[in-house]
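There are 2 protein chains.
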Amino acid sequence: MARAATTSDAFNAVAEPRRRDILNYIALQERSVSEIVDALELEQPSVSKHLKVLKEVGLVDVRREGRQMLYRVNAMAIRPLWEWTSTFERMWRHQLVRVKEIAEKKSGL
Amino acid sequence: MARAATTSDAFNAVAEPRRRDILNYIALQERSVSEIVDALELEQPSVSKHLKVLKEVGLVDVRREGRQMLYRVNAMAIRPLWEWTSTFERMWRHQLVRVKEIAEKKSGL
DNA sequence: CTAATATATTCCCATATCGGAATATGTCAA
DNA sequence: TTGACATATTCCGATATGGGAATATATTAG
Numbered sequence: 003m004a005r006a007a008t009t010s011d012a013f014n015a016v017a018e019p020r021r022r023d024i025l026n027y028i029a030l031q032e033r034s035v036s037e038i039v040d041a042l043e044l045e046q047p048s049v050s051k052h053l054k055v056l057k058e059v060g061l062v063d064v065r066r067e068g069r070q071m072l073y074r075v076n077a078m079a080i081r082p083l084w085e086w087t088s089t090f091e092r093m094w095r096h097q098l099v100r101v102k103e104i105a106e107k108k109s110g111l
Numbered sequence: 003m004a005r006a007a008t009t010s011d012a013f014n015a016v017a018e019p020r021r022r023d024i025l026n027y028i029a030l031q032e033r034s035v036s037e038i039v040d041a042l043e044l045e046q047p048s049v050s051k052h053l054k055v056l057k058e059v060g061l062v063d064v065r066r067e068g069r070q071m072l073y074r075v076n077a078m079a080i081r082p083l084w085e086w087t088s089t090f091e092r093m094w095r096h097q098l099v100r101v102k103e104i105a106e107k108k109s110g111l
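In the order they appear, the protein sequences are chains E and F. Residue numbering for the first sequence follows the working numbering, starting at 3 and increasing by one per position. Residue numbering for the second sequence follows the working numbering, starting at 3 and increasing by one per position.
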């Protein structure tokens with residue numbers, strides 16, 4: 003076996019920075035492919051390919067409007083990532099509190 | 003270019019499900035390599051390789067104790083993932099509220 | 001129908017991957 | 001020192017990748 007396909011789940015799809023850029027950009031409002039191309043300064047085929055991956059894992063939805071394809075984020079598909087990372091939230095909070103305590107002790111409080 | 007290296011950042015490192023399993027397991031308390039091997043039923047070389055990737059991106063720290071290497075999570079390194087996913091939280095919350103409203107309307111409330 | 005616009009697909013290739021198997025390194029015990 | 005235990009590294013091969021370039025498909029305008 004090799005590395006899991008980028009289309010195997012949201013974790014793999016989102017590992018690619020350009021795909022996160024695309025999601026960030028269309029989060030504000032739905033966008034056509036050419037808007038994405040212009041905004042992110044990527045090649046059109048590249049954007050289409052990234053969108054295909056995002057669509058395959060359910061991270062985006064599309065609708066046609068004339069010749070344009072309008073893509074929008076399906077935020078629910080990002081939730082599993084948030085949930086997994088959230089299980090570690092308590093740990094870094096704890097760590098931040100300790101760092102703060104140490105800093106205060108050093109500064110003589 | 004090909005796909006970005008698994009060691010290029012936390013997003014790529016964490017895309018591999020076994021590495022998430024490892025992080026989940028050692029989140030509770032630091033663990034030796036053989037404990038991870040036993041708990042997750044993976045081959046020892048495989049675990050060592052995964053740990054190397056995790057260490058390279060700062061997701062784990064290690065200390066030696068005799069012949070054992072004890073690995074622990076560095077939760078702070080997961081925070082960027084949580085922060086990125088959190089920017090979409092409002093969107094799915096909104097969506098969930100709408101789903102609930104529709105359900106209530108249908109059931110005659 | 002034809003041209004123009006918008007998007008998708010295909011082909012090519014250098015690259016990194018993960019698992020498996022074998023082996024190397026490091027540490028302790030006797 | 002030797003052997004046993006714990007972990008790391010190396011070599012292998014099948015596989016999927018992402019960018020570039022070229023081309024195909026789809027829709028609208030004229």
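Don't be surprised by glycine CBs; every beta carbon is placed ideally from N, CA and C. Note that the structure is predicted; figures quoted are calculated from it, not measured.
Per DSSP, residue i forms a beta bridge with which residues?
i, result
"F/Gln97", "According to DSSP, which records beta bridges pairwise, F/Gln97 is partnered with nothing at all."
"E/Leu72", "E/Ser34, E/Arg65"
Under 6 Å Cβ to Cβ from residue i, same chain only, skipping five residues before and after it: list those, please.
i, result
"F/Asp23", "Leu42"
"E/Ala29", "Val75"
"E/Glu103", "none"
"E/Leu25", "Val75"
"E/Gln46", "Val39"
Which residues in the same chain have their Cβ closer than 8 Å to the Cβ of residue i, if we skip the five residues on either side of it in sequence?
i, result
"F/Ala6", "Asn14"
"E/Gln31", "Arg74"
"E/Lys1", "With chain E covering only 3 through 111, there is no way to say anything about residue 1 of chain E."
"E/Met3", "none"
With distance defined between alpha-carbon atoms, name the residue in the options nearest to residue i.
i, options, result
"E/Leu98", "F/Met78, F/Thr89, F/Lys107, F/Leu98", "F/Met78"
"F/Ser36", "F/Leu25, F/Arg65, F/Leu72", "F/Leu72"
"E/Lys51", "E/Glu18, E/Arg95, E/Ser109", "E/Glu18"
"F/His96", "E/Arg66, E/Met3, E/Arg81", "E/Arg81"
"E/Thr89", "F/Tyr27, F/Ala4, F/Met3", "F/Tyr27"
"E/Leu61", "F/Thr87, F/Glu106, F/Leu44", "F/Thr87"
Which residues in the same chain have their Cβ closer than 7 Å to the Cβ of residue i, if we skip the five residues on either side of it in sequence?
i, result
"E/Val55", "Thr8, Thr9, Ala15, Arg21"
"E/Lys57", "Val64"
"E/Asp1", "Absent from the model: residue 1 of chain E. The displayed extent of chain E is 3 to 111, so no value can be given."
"E/Gly68", "none"
"E/Leu44", "Arg20"
Considering residue i, what are the terminal residues of the alpha helix (DSSP H) in which it resides?
i, result
"F/Val55", "46-58"
"F/Arg81", "81-88"
"E/Ala15", "12-15"
What whole-angstrom Cβ distance do residue i and residue j have, given they're in contact under 8 Å?
i, j, result
"F/Glu91", "E/Trp94", "In fact, because the Cβ distance is near 17 Å, the residues do not count as touching under 8 Å."
"F/Gln70", "F/Ser34", "4 Å"
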